[in-house]
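Engineer:
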Amino acid sequence: MNVLLKTALLLGFLSLVACHPRPEEQSGAGEALQYWSMSRSYPDGKLRSDRWASEFFRLRANAGLRGGGLDSEWQGLGPKNIGGRTLCLAFHPENPEIIYAGSAGGGLWKSETGGEGANAWSYIPTGFPVLGVASIAIDPGNPEVLYIGTGEVYNYTAAQPGVVNRFTRGTYGIGILKSTDGGLSWTHSLDWSLQELTGVADLLINPQNSKTVYAATTEGLYRTYDGGLSWENIHPKSMAVDIDMHVTDTSLIWVSHGNLQSPDRGVFRSENGGQTFELLSNGIPTDFTGKTMLAPCPSAPNRIYASVSDSGNGLGLYVSDDKGDSWHLVNASDVPKYQGWYSHDLAVKPTNPNFLVYCGIDAYITSNGGTSLNQTSYWYSWYLGLTQPGEPEGPPEYVHADIHAVYYHPLKTNTVFLATDGGIFVSGNGGYSWEARNGGYQTQQFYANFANSVSDSLFAMGGMQDNATAIYLGQDAWWCVLGGDGMSAAIHPENDSILFGSIQYLNIRRSIDKGLSFQSTLPSQVGLEEKAFNGPFELAPSDPDILYAGAQRLYRSDNLGGSWYPTSAEPVDGDNMILTIAVGPTDPDLVYLSTASQEGGPASVKRARMPDKHGETMFGLPDRIAMDIDIHPENANVVYIAFSGFGTSHLYLTADGADLDSHRRRSSGCARQFSAHRPPVSQPSLPGQRSGGICFHKRRGQLGFLFGGAPGGRPGDGPLDLSFQPETAAGYPREWGVRK
Numbered sequence: 086m087n088v089l090l091k092t093a094l095l096l097g098f099l100s101l102v103a104c105h106p107r108p109e110e111q112s113g114a115g116e117a118l119q120y121w122s123m124s125r126s127y128p129d130g131k132l133r134s135d136r137w138a139s140e141f142f143r144l145r146a147n148a149g150l151r152g153g154g155l156d157s158e159w160q161g162l163g164p165k166n167i168g169g170r171t172l173c174l175a176f177h178p179e180n181p182e183i184i185y186a187g188s189a190g191g192g193l194w195k196s197e198t199g200g201e202g203a204n205a206w207s208y209i210p211t212g213f214p215v216l217g218v219a220s221i222a223i224d225p226g227n228p229e230v231l232y233i234g235t236g237e238v239y240n241y242t243a244a245q246p247g248v249v250n251r252f253t254r255g256t257y258g259i260g261i262l263k264s265t266d267g268g269l270s271w272t273h274s275l276d277w278s279l280q281e282l283t284g285v286a287d288l289l290i291n292p293q294n295s296k297t298v299y300a301a302t303t304e305g306l307y308r309t310y311d312g313g314l315s316w317e318n319i320h321p322k323s324m325a326v327d328i329d330m331h332v333t334d335t336s337l338i339w340v341s342h343g344n345l346q347s348p349d350r351g352v353f354r355s356e357n358g359g360q361t362f363e364l365l366s367n368g369i370p371t372d373f374t375g376k377t378m379l380a381p382c383p384s385a386p387n388r389i390y391a392s393v394s395d396s397g398n399g400l401g402l403y404v405s406d407d408k409g410d411s412w413h414l415v416n417a418s419d420v421p422k423y424q425g426w427y428s429h430d431l432a433v434k435p436t437n438p439n440f441l442v443y444c445g446i447d448a449y450i451t452s453n454g455g456t457s458l459n460q461t462s463y464w465y466s467w468y469l470g471l472t473q474p475g476e477p478e479g480p481p482e483y484v485h486a487d488i489h490a491v492y493y494h495p496l497k498t499n500t501v502f503l504a505t506d507g508g509i510f511v512s513g514n515g516g517y518s519w520e521a522r523n524g525g526y527q528t529q530q531f532y533a534n535f536a537n538s539v540s541d542s543l544f545a546m547g548g549m550q551d552n553a554t555a556i557y558l559g560q561d562a563w564w565c566v567l568g569g570d571g572m573s574a575a576i577h578p579e580n581d582s583i584l585f586g587s588i589q590y591l592n593i594r595r596s597i598d599k600g601l602s603f604q605s606t607l608p609s610q611v612g613l614e615e616k617a618f619n620g621p622f623e624l625a626p627s628d629p630d631i632l633y634a635g636a637q638r639l640y641r642s643d644n645l646g647g648s649w650y651p652t653s654a655e656p657v658d659g660d661n662m663i664l665t666i667a668v669g670p671t672d673p674d675l676v677y678l679s680t681a682s683q684e685g686g687p688a689s690v691k692r693a694r695m696p697d698k699h700g701e702t703m704f705g706l707p708d709r710i711a712m713d714i715d716i717h718p719e720n721a722n723v724v725y726i727a728f729s730g731f732g733t734s735h736l737y738l739t740a741d742g743a744d745l746d747s748h749r750r751r752s753s754g755c756a757r758q759f760s761a762h763r764p765p766v767s768q769p770s771l772p773g774q775r776s777g778g779i780c781f782h783k784r785r786g787q788l789g790f791l792f793g794g795a796p797g798g799r800p801g802d803g804p805l806d807l808s809f810q811p812e813t814a815a816g817y818p819r820e821w822g823v824r825k
């Protein structure tokens, strides 16, 4: 891209900053977790994370034996100016500038600058398949000792195979890891690698005896007396969420249990270090359907606050002045709102028991113990356009929506930090104003399809969970061009001034000026049809003015989305939704598509040649969700299909366009394969992403593994798209990367 064009685009994007607030819409966090769970747990509703961990270690051990340039390292290309979903923070007890951050999908991060600067954050590898870090604890007497709790889990029993219930469980957890050298090396403390989707929501170290550690987990409240060598479930009630300790009497602990109608909900207290517990029910709800977050008062040790919520609305702010014996409602305002199951928290000022920072969708403060609340952040006031890494991402009242955790900095007076779905935010004045701290914090979760320009290797575009759609122009700072949950993207291969982006549920947007402006091009006939969270659309390779989009019917546009028509009067697969579309490389009328089960019925893969309206079902394939379909660019009879799920092979091949029951299928360690892409024409290799790395083959059906330097993460469907000269990959969970 020439300098004049880059300058013009830069000026255009700068003109957008601060003049286009994000439209007010509900976060797609629940739908994203539901989509993630559905694609993996179908058909039996189970997520077998035990196989994930064992496969990770097997592939890592064998990576060097598989050939194919495995020594090459992956280089992160950003975005370094857009924070990703963040679940927790922890602060060094002696050095006020050292902060640890646990991300939802990008593992553990560390800052030695208090989060300030363009490259404030660095990734901490653990050597384990750590994705979601929901809790961090630092030994107050020896800050070289750290514990991290893994897994993002909100629903104990409802890992649904369908998509009716959006409150499905989250991401794989492998238990608790421990480091004794400040994060340089890690060991398993509580090993749940062979458990099915467990999570550790909170960790607490006894400040008077650091060998005693408590862990709030999906399986109950655990305790260790020996620094994590052995653990005991001392309160085996499901979904322990939050654990707190009396400031002066460390034998007194409170723990909240319950979320999304799990059994044994409520706030419990132990006055003997966890030997026995009692349910606290005098004045505080015990039958909530969301979760309850607790906040004790450092300057009034017998006072404790609780934010209690149903799954879809808050029930109010409660307070007890007698260690929990009795409670009363101080404010019924709905701060958590529709995220009562997902993101709300509160923290009390260390020197004033009446001053709280109380957060849900947005941030509030109170100086009178919660009687009145003053809203100090508005999630929709963010800057659309360009922000440089480490610079403000909005005005002083901007904090990204969905605030998971609130902390008063233990060494900085009146400084408050927030962990949000858009990264880390800080207030230096007690919560009255805010500023982002996301420079270099590459934890974004990209969706399929990531788009690259055919003619310009420094021009690309992708959509991110909860963090918009952004354009890459060869710099660390990416330009946000569409709000909402960023989904599939496409760049016209013959004219890269024409771009397509999308927001959840097939809300397609088109730009004809290289991203300076976008207009809706949603098929109007879609109406009330069910649509996948990441609703698919594809350009026809041989005639990119032709687009296909999928809801329950397949839609086609012959004029760049100017107008659309359904290719059939009825849905292509009953109640099922279209999840993936592939168009013939030389024949724009040849279409393959996959469907996702809506109510537990069988998913399918279909092939159609227009004007055949419904197409034919491909047989010989597993009853799993097909996440990607790829057609050979020179021979449309050669088709690869990648499946998620468990218990079957994952990569299927037909060489003659026929059903696949008599053709090659490969697993070869590429479990939960999510994308399969061929390089453009000249290369005989097939790359594809897997849960925890990238598989490839030089000869059809012989799989290898690219691992060096790429994070041991789990992609959603961030495909390798080899229109670049170096190999590139966009991943869910982490950043966009290149292998040279």
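Residue numbers (the numbering used here): 86 to 825. For glycine and all other residues, C-beta sits at the position ideal for the given N, C-alpha and C. Just so you know, these numbers come straight off a predicted model, no measurement behind them.
Between Lys296, Leu262, Leu607 and Tyr590, which lies nearest to Asp570 when the distance is taken from Cα to Cα?
Structural biologist: Asp570 has its Cα closest to that of Tyr590, out of Lys296, Leu262, Leu607 and Tyr590.
Engineer: Can you give me the Cβ contacts of Lys408 inside the same chain, cut-off strictly under 6 Å, excluding the 5 residues immediately before and after it?
Structural biologist: Result list for Lys408: Asn387, in chain order.
Engineer: Do three or more CB pairs link the region 408 to 421 to the region 477 to 486 at distances below 8 Å?
Structural biologist: The region 408 to 421 is not in contact with the region 477 to 486.
Engineer: For Ser596 and Gln550, what's the separation of their Cα atoms in angstroms?
Structural biologist: Distance between the alpha carbons of Ser596 and Gln550 is about 21 Å.
Engineer: Which residue spans inside the region 373 to 458 form an unbroken beta strand (DSSP E) run of at least 3?
Structural biologist: Counting whole runs of 3 or more residues, the region 373 to 458 contains the beta strand (DSSP E) stretches 377 to 381, 389 to 394, 399 to 405, 413 to 416, 430 to 433, 441 to 444 and 448 to 451.
Engineer: Per DSSP, what kind of secondary structure is Trp464 in: helix, strand or coil?
Structural biologist: Reduced to three states, the DSSP call for Trp464 is helix.
Engineer: One question on the structure: do Ser355 and Ile338 come within less than 8 Å of each other, judged by their Cβ atoms?
Structural biologist: A contact, by the Cβ cut-off of 8 Å.
Engineer: With distance defined between alpha-carbon atoms, name the residue in Gly226, Leu441 and Leu379 nearest to Glu179.
Structural biologist: Among Gly226, Leu441 and Leu379, the Cα nearest to that of Glu179 is on Gly226.
Engineer: Could you tell me the distance, in whole angstroms, from the CA atom of Gly212 to the CA atom of Ser295?
Structural biologist: Roughly 25 Å between the two C-alpha positions.
Engineer: Using alpha carbons as the reference points, say which of Gly192, Lys599, Leu216 and Val238 lies closest to Glu579.
Structural biologist: For the residues Gly192, Lys599, Leu216 and Val238, the minimum Cα distance to Glu579 belongs to Lys599.
Engineer: With H, G and I counted as helix, E and B as strand and the rest as coil, what does DSSP make of Gln530?
Structural biologist: DSSP places Gln530 in coil when its eight states are reduced to three.
Engineer: The beta strand (DSSP E) with Tyr557 in it runs from where to where?
Structural biologist: That run of the beta strand (DSSP E) goes Thr554 to Tyr557.
Engineer: Verify whether the separation of the beta carbon atoms of Gly187 and Gly236 is less than 8 Å.
Structural biologist: No, they are not a contact pair.
Engineer: Enumerate in chain order the residues of its own chain whose CB-to-CB distance from Trp649 is below 6 Å, with the five nearest sequence positions on each side excluded.
Structural biologist: Contacts found: Pro608, Tyr640 and Ser642.
Engineer: Quick check on the burial criterion: 16 or more other C-beta atoms within 10 angstroms. Buried or exposed for Pro348?
Structural biologist: Exposed.
Engineer: One question on the structure: do Tyr257 and Leu282 come within less than 8 Å of each other, judged by their Cβ atoms?
Structural biologist: Closer than 8 Å, so yes.
Engineer: Under 8 Å: do the region 554 to 565 and the region 157 to 175 share three or more Cβ pairs, one atom per stretch?
Structural biologist: Taking 8 Å as the limit for Cβ pairs, the verdict is that the region 157 to 175 does touch the region 554 to 565.
Engineer: Is the region 728 to 737 close to the region 701 to 710, with three or more CB pairs under 8 Å?
Structural biologist: Cβ pair count under 8 Å is three or more, so yes.
Engineer: Would you give the residue range spanned by the beta strand (DSSP E) that Ser587 belongs to?
Structural biologist: Counting along the chain, the beta strand (DSSP E) containing Ser587 begins and ends at Leu584 to Ile588.
Engineer: Could you compute how far the alpha carbon of Val230 sits from the alpha carbon of Ile223?
Structural biologist: Their Cα atoms are separated by approximately 6 Å.
Engineer: Can you say whether Gly200 is buried or exposed, counting buried as having 16 or more other CB atoms within 10 angstroms of its CB?
Structural biologist: With 16 or more Cβ atoms within 10 Å of its Cβ, Gly200 is classed as buried.
Engineer: For Asn453 and Ser196, I'd like the C-alpha separation in whole angstroms.
Structural biologist: Cα to Cα, the separation comes out at about 34 Å.
Engineer: Can you tell which of Thr302, Gly312, Tyr299 and Gly425 has its C-alpha closest to the C-alpha of Ser264?
Structural biologist: Minimum Cα distance to Ser264 is reached at Gly312.
Engineer: To the nearest angstrom, report how far apart Pro421 and Lys434 are at their CA atoms.
Structural biologist: Their Cα atoms are separated by approximately 20 Å.
Engineer: According to DSSP, what are the bridge partners of Arg170?
Structural biologist: Bridge partners of Arg170: none, in fact.
Engineer: Using 8 Å as the threshold, is the C-beta distance between Pro673 and Ala721 below it?
Structural biologist: No. Outside cutoff.
Engineer: Could you check how far apart the C-beta atoms of Tyr185 and Leu172 are, in whole angstroms? I think they sit under 8 Å.
Structural biologist: That belief does not hold up - the Cβ atoms of Tyr185 and Leu172 are roughly 12 Å apart, past 8 Å.
Engineer: Once DSSP output is grouped into helix, strand and coil, what is the label at Ser845?
Structural biologist: Only positions 86 to 825 of the chain appear in the structure, and residue 845 is not among them; the question remains open.
Engineer: Tell me whether Gln610 sits in a helix, a strand or coil according to DSSP, three-state version.
Structural biologist: Helix, per DSSP.
Engineer: From the DSSP output, in three-state form, read off Lys599 for me.
Structural biologist: Correct three-state label for Lys599: coil.
Engineer: Which residues bound the beta strand (DSSP E) around His320?
Structural biologist: First-last of the beta strand (DSSP E) with His320: Glu317 to His320.
Engineer: In the structure shown, what three-state DSSP assignment does Thr739 receive?
Structural biologist: Note: Thr739 maps to strand in three-state DSSP.
Engineer: In the region 641 to 675, which residue ranges form an unbroken beta strand (DSSP E) of at least 3 residues, counting only runs that do not cross its ends?
Structural biologist: Counting only runs of 3 or more, we get 662 to 668.
Engineer: Tell me the residue span of the beta strand (DSSP E) that contains Asp276.
Structural biologist: Where Asp276 is concerned, the enclosing beta strand (DSSP E) stretches over Thr272 to Asp276.
Engineer: According to DSSP, simplified to helix, strand and coil, what is Phe510?
Structural biologist: In this structure, Phe510 counts as strand in the three-state DSSP scheme.
Engineer: Starting from the Cα of Thr456, find the closest Cα among Thr297, Val442, Trp467 and Leu678 and give me that residue.
Structural biologist: When each option's Cα is compared against that of Thr456, the closest is Val442.
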